[in-house]
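Since the structure comes first, as structure tokens, the remarks are kept for the end.
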Amino acid sequence: MPPFRFVHTADLHIDSPFRGLSEVAPSLQSVMQNATFEAFARIVQLCVEKHVDFLIIAGDVYDATDRNLRALTRLRQAFEQLADHQIEVFVCHGNHDPLSGWGAQFSWPDNVTIFGAEAVEACPVLKNGVEVARVYGISYAVERITDNLARAFRKETQAPWSIGVLHTNVGNNPYHLNYAPCQLDDLLASGMDYWALGHVHAHRVLHEANPVVIYPGNPQGRHPRESGPRGCYLVEVDAMGQALYEFVPVDVVRWHEERVCIEGLRTFGELLAALDMRVDALQQSQERQGSIVRWKLEGRGPLHRELARPGRLEDLLATIREKWGGGPHFVWSESIEDETSREVDRTALEQEENLLGDFLRLAGHAEPALVMELQEAVRPLFHDPRFRRYLSPPTQEQIRAWVHAAQWQGIDRLLAGDE
Ligand SMILES: [Mn+2]
């Protein structure tokens, strides 16, 4: 069979708003407003550069509730650009852009195939007059689809390399709306060679080969929980029908959670320097336009008292927003949370003749026995055949860390109110 290439994406949510960014600098607002579209433009660019034969979009292309004509118009321009390069586009609709919803009647160029909602449709992909692949798909008629649509997919006899396109929640994933729910087994039983899924926004390979089953995730994160690299999958099918696939990041703005330990830091200047190093690293590793960071300060140190003073955290946030929040590789600080604890001189506390002193002396004394006892106590759990496959027993070092954590919790609780 002739080899071919395609790109698989989903959940574009074109031109839908970023969440939790009411305070963002005006100069960045347009960058973020354009980010979902810009990420898709990079996918189009990838398709052109890699000379792919077709592009698959597995649902939630736009949000029908936004009634955003600009989004559809820009999408059509992107599809026309693909048409200029003889690249076909296969689209199924999901829960955010169901066929009954606003926008579904929009007219698309001829290179675009929109799957219907009545039944699974099969579309041949021709290359130099030879059918190299067959793309099967079905769209959501309405937002809430509770039927298992995966079971309606079946590779036809004599069909070439076959791809299923579906917006679905596989395996009752509780973090996502349970639309068109199915099990991995349903997908494996269909005879497809590749499943181009959509719906879950974190990219994940559910099955590595025969068939390949992939959630590409959304190409642009839109809120703090959508952190880390976002992109699409570039798939290359060789003459033997083997698929090689690669995740390609295309996000324009990336969300991060950065945890910074205040241990050993004496001044705000030193804290700023520590944050500075992180920002440097973020800027170096990105060809993206920018990053949005949710900072978490943790650990014990003298700065804890300073950070707890009224207004200090807000002041710090304003400072770092001003410092890094502009320019071509901006690092916008979404928020900064203080999870630090007081610095404690444990040796001194242990000498004191009071409840805390007693507690610490007792805790130190009991530690070896406690570690042994805990190890015995958890043993049945880690040796139970039901859990053994998923859990490996904790090392003595790990158990000692639990005991230490408990001791610190005791110290903090007994000291509470002293501050
Ligand atoms: Mn969805």
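Take the sequence shown: its position 307, counted from the start at 1, is 301 in the numbering used here, and no numbers get skipped.
All C-beta atoms in this analysis are idealised placements derived from N, C-alpha and C, irrespective of residue type, glycine included.
If you're wondering where the values come from, they're calculated on a predicted model, not measured in any experiment.
Distance between residue j and residue i (C-alpha atoms, nearest Å)
i, j, result
"Tyr209", "Asp5", "10 Å"
"Glu252", "Leu49", "35 Å"
"Leu265", "Arg36", "37 Å"
"Gln390", "Gln369", "8 Å"
"Gln277", "Cys117", "44 Å"
"Ser133", "Gly88", "6 Å"
"Arg382", "Phe376", "6 Å"
"Gly131", "Asp332", "48 Å"
"Thr140", "Pro362", "55 Å"
"Thr162", "Cys226", "17 Å"
"Asp187", "Val119", "15 Å"
"Gln214", "Pro92", "21 Å"
"Arg306", "Asp47", "56 Å"
"Gln80", "Phe(-2)", "13 Å"
"Pro218", "Phe34", "20 Å"
"Asp179", "Asn167", "15 Å"
"Leu171", "Val254", "34 Å"
"Gly110", "Asn62", "22 Å"
"Arg380", "Ser386", "12 Å"
"Ile393", "Trp402", "14 Å"
Top-ranked residue by Cα proximity to residue i, from the options
i, options, result
"Arg260", "Pro362, Gly97, Gly293 and Ala400", "Gly293"
"Gln152", "Ala127, His298, Asn172 and Leu69", "Ala127"
"Arg216", "Met271, Pro(-3), Leu408 and Ile8", "Ile8"
"Leu297", "Leu409, Ala268, Asp274 and Arg61", "Ala268"
"Gly53", "Gly284, Pro(-4) and Ala98", "Ala98"
"Asp274", "Gly319, Cys176, Ala19 and Asp57", "Gly319"
"Val85", "Phe262, Leu63 and Glu115", "Glu115"
"Arg198", "Leu182, Pro223 and Asp180", "Pro223"
"Val246", "Leu22, Gln345 and Glu150", "Leu22"
"Ala360", "Val136, Ala400, Pro243 and Asn142", "Ala400"
"Asp60", "Gly158, Trp249 and Gly95", "Gly95"
"Ala174", "Phe241, Ala144, Ala190 and Pro379", "Ala144"
"Glu74", "Asn105, Thr341, Arg355 and Val365", "Asn105"
"Gly211", "Glu112, Gly192 and Pro154", "Gly192"
"Glu112", "Phe147, Ile330 and Lys121", "Phe147"
"Val55", "Pro388, His323 and Leu160", "Leu160"
"Trp189", "Leu354, Thr3, Val25 and Leu66", "Thr3"
Ligand 1 heavy atom lying under 6 Å from the CB of residue i
i, result
"Asn212", "no"
"Asn95", "First, the residue type needs correcting, since residue 95 is Gly and not Asn in the sequence shown. No, since every heavy atom of ligand 1 falls outside the 6 Å radius drawn around the Cβ of Gly95."
"His7", "no"
"Asp54", "yes"
"Ser204", "Per the sequence presented here, residue 204 reads as Asn, with Ser not at that position. No, Cβ of Asn204 sits at least 6 Å from all heavy atoms of ligand 1."
"Asn167", "no"
"Asn163", "no"
"His193", "yes"
"Gly131", "no"
"Gly88", "yes"
Those residues which DSSP pairs with residue i across a bridge
i, result
"Val114", "Bridge partners of Val114: none, in fact."
"Ser285", "Arg248 and Val325"
"Val199", "Ile208"
"Pro243", "Gly225"
"Ile108", "Val85"
"Glu160", "Residue identity check: residue 160 is Leu in the sequence provided, not Glu. Per DSSP, Leu191."
"Glu125", "Leu120"
"Val1", "Leu49 and Leu228"
"Cys176", "Val164"
"Tyr169", "Paired residues: none, contrary to the question."
"Trp155", "Ala127"
"Tyr56", "Ile8"
Per-residue DSSP class, three states only, for residue i
i, result
"Trp96", "coil"
"Ile139", "coil"
"Ile256", "coil"
"Gly235", "coil"
"Pro362", "helix"
"Phe73", "helix"
"Glu331", "strand"
"Arg64", "helix"
"Gly131", "strand"
"Ala415", "Since the displayed the chain opens at -5 and closes at 413, residue 415 lies outside it and no answer follows."
"Lys290", "strand"
"Trp102", "coil"
"His44", "Note that residue 44 is Lys in the sequence shown here, rather than His. Coil at Lys44, not helix or strand."
"Met26", "helix"
"Gly319", "coil"
"Phe353", "helix"
"Glu220", "coil"
Contact test: residue i Cβ vs ligand 2 heavy atom, cutoff 6 Å
i, result
"Asn172", "Looking for ligand 2 in the displayed structure turns up nothing; the ligands present are ligand 1."
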